[in-house]
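One point on numbering: in our numbering, the residue at position 190 of the sequence shown is 176, and numbering is uninterrupted.
For every residue, glycine included, the Cβ atom is placed at its ideal position computed from N, Cα and C.
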Amino acid sequence: MSVRVSGLTRSYRNGKGWRPKGAEVVALDQLSLAVEQGEVHGLLGPNGAGKTTLCKILSTILLPTAGTAEVLGHDVVAEAPRVRELIGIVFGGERGLYWKLTARQNLRYWAAMYKLPDQLAQRRCDELLDRLGLADRADDLVETYSRGMKQRVHLARGLIGDPRLVLFDEPTTGMDPVSAHDFRDLIAELRAEGRTILITTHDMAEAEAVCDRVTLVDKGKVVATETPRGLAKMSALHRWVEADDTDLDLGGLPGVVDVVQRDGLLRVKTDGDDSARSVVDFLLSNGIRSVRVVQPTLEDVYLDVIGSRGMGV
Ligand SMILES: Nc1ncnc2c1ncn2[C@@H]1O[C@H](COP(=O)(O)OP(=O)(O)OP(=O)(O)O)[C@@H](O)[C@H]1O
């Protein structure tokens, strides 16, 4: 087992220094989770669900209030130095880079933090700069880089210690589609190398594409852990019918829960198989083509279970 979290609780008390103590916020509430070795595991949930808090505890930068967390059998509190050797952390955004240093100097600095011997550090830096397409600009100051390049330096930083577990917290926020596509390829490569990956994301398509299993977290608790497809099946609650867009009034048909029109496509959410069939019959009898019943996507399931909180919709 790569990650084993048991009854993990973390609460914060707002208000620092002269400010009055606020109410206690329970960010993680007896959360338990197991991630297999070599698995790509997604953590999904609305803002404030506790995902970052969990990543911080696993990275040993935050202590739990109660419960335990282990990385490859090592306790994150009692054996924090050992855990740090085994993990790499990639937090999204542009925090944590030294802008007045080059990418190579940034990487050499972090290699030194991992206490890598000089020759190994040099080899790893060269490999990562090459792997992440930074070799040509490796000796330019990071402040001259595009946002996408800065994100790639972040990725390199997370991999410099040759980690067995890589924690990604919102890694593709603000990435352009090409970079996001390259990122998916990188995840596949890291997985093929036998590394375990824990990734928090708001991007359901990304989670569906890269994750072996996902855990839905809400209010500091696990709602479900499943394969993306398994989750979709579990959500047998709704069936969707897809068709070419039409002006027909479908909202009034029995069993129709929602109608979404987007990009020339019509998506009708129904309350089950019978209603979906009636919608299909109705559409076909009105001359609409390309009608099909579709399996719910991970996004549909997320919306069913958690609602639209934290999805930017
Ligand atoms: N340093 C802190 N002090 C007080 N409260 C905090 C602190 N950090 C997080 N919290 C609170 O703990 C809860 C969980 O926050 P956390 O950042 O772990 O959630 P998240 O799922 O990562 O959300 P997001 O997707 O917005 O990053 C939230 O209610 C948040 O306001």
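Over the uninterrupted alpha helix (DSSP H) stretch that includes glutamate 113, give me the two end residues. 104 to 117
Simplified DSSP state of arginine 138, which is helix, strand or coil: helix
In three-state terms, what does DSSP make of glycine 298? At glycine 298, the pLDDT of 45 sits below 50, so the modelled position is not reliable and the matter cannot be decided from this model.
Using the Cα positions of leucine 17 and alanine 210, report the straight-line distance between them to the nearest angstrom. 11 Å
Beta-carbon separation of leucine 72 and alanine 55 under 7 Å? no
Report the start-end ranges of each alpha helix (DSSP H) in the segment 6 to 44 that is 4 residues or longer and not cut off at the edges. 37 to 44
Distance CB(leucine 202)-CB(leucine 30) smaller than 7 Å: yes
How is leucine 269 classed by DSSP in three states: helix, strand or coil? helix
Which of the three DSSP states, helix, strand or coil, is assigned to alanine 193? helix
Following a CB-centred definition, is glycine 216 positioned closer than 6 Å to any heavy atom of ligand 1? no
Do you know how far the Cα of histidine 188 is from the Cα of valine 299? Caution is warranted here: a pLDDT of 38 is assigned to valine 299, below 50, making its placement in the model unreliable, and the coordinate value is therefore given only provisionally. Their Cα atoms are separated by approximately 11 Å.
Which word fits leucine 251, buried or exposed, when buried means at least 16 other C-beta atoms lie within 10 angstroms of its C-beta? exposed
Using the C-alpha atoms, what's the distance from leucine 269 back to arginine 177? 44 Å
CB of arginine -4 within 7 Å of CB of leucine 14, strictly: yes
Starting from alanine 178 and walking both ways along the alpha helix (DSSP H), at which residues does that stretch end? 163 to 178
Hey, would you say valine 363 sits closer than 7 Å to leucine 83, going by beta carbons? Nothing about residue 363 can be read from this structure; the chain reaches only from -13 to 299.
In this structure, does DSSP put tryptophan 226 in helix, strand or coil? strand
Leaving aside the five residues before and after aspartate 244 along the sequence, list all residues of the same chain whose C-beta is less than 7 Å from its C-beta, in chain order. Lys255
What residue from Lys37, Asn33 and Pro50 has the CA that sits closest to leucine -6's CA? Pro50
Does DSSP put glutamine 91 in a helix, a strand or coil? helix
Residue range of the beta strand (DSSP E) that arginine 70 falls in? Per DSSP, arginine 70 belongs to no beta strand (DSSP E); it is in the alpha helix (DSSP H), 66 to 72.
Is alanine 210 near ligand 1, going by C-beta to nearest heavy atom under 6 Å? no
Alpha carbon to alpha carbon, how far is aspartate 231 from aspartate 267? 16 Å
Taking buried to mean at least 16 other C-beta atoms within 10 Å of its own C-beta, is histidine 37 buried or exposed? Sequence inspection shows lysine at residue 37; the histidine mentioned does not correspond to that position. By the neighbour-count rule (16 or more Cβ atoms within 10 Å), lysine 37 is buried.
For leucine 106, count neighbouring Cβ atoms within 10 angstroms of its own Cβ and tell me buried if that reaches 16, exposed if not. exposed
Tell me which residues share the same chain as methionine 190 and place their Cβ nearer than 8 Å to its Cβ, disregarding the 5 neighbours each side in the sequence. Leu30, Thr283, Leu284, Glu285, Tyr288 and Met297
Which residue's Cα is closest to the Cα of aspartate 168: Ile146, Thr182, Arg117 and Asp204? Arg117
Rounded to the nearest angstrom, what separates isoleucine 146 and arginine 263 at their Cα positions? 54 Å
Quick one: does the C-beta of alanine 13 sit closer than 6 Å to a heavy atom of ligand 1? yes
Does the Cβ of tyrosine 131 lie closer than 6 Å to at least one heavy atom of ligand 1? no
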